[in-house]
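Residue numbers (the numbering used here): 1 to 82.
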């Protein structure tokens, strides 16, 4: 069964959304385990507030990266139309 060129971007978009959702759920689970147990399961030497700051910075970087990807994609689509 061949994949048409039109369905490939849709599949990629769905895959990115699924990966983003899994990333967010893992972040929430990790932060919940830190707050509920008071210990850090991944980095035992790092303090809780520093770890929370680290993860919020990682999440912000992900959001900025996705915004850049979307803006580049929109720019190429506009350029392809014109």
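Yeah, the Cβ is synthetic: ideal placement off N, Cα and C, and Gly gets one too.
Please read these numbers as outputs of a predicted model, since none were measured by experiment.
Residue 62 is a Cβ neighbour of residue 23, given a cutoff of 8 Å.
Between the segment 67-78 and the segment 45-55 there are fewer than three C-beta pairs closer than 8 Å, too few to call the two in contact. Under the three-state reduction of DSSP output, residue 9 falls in the helix class.
Contact between residue 25 and residue 52 does not hold, since the beta-carbon distance rounds to 17 Å and is not under 8 Å.
The beta carbons of residue 55 and residue 15 sit no closer together than 8 Å. In this structure, DSSP gives residue 49 a helical state, which the three-state scheme calls helix.
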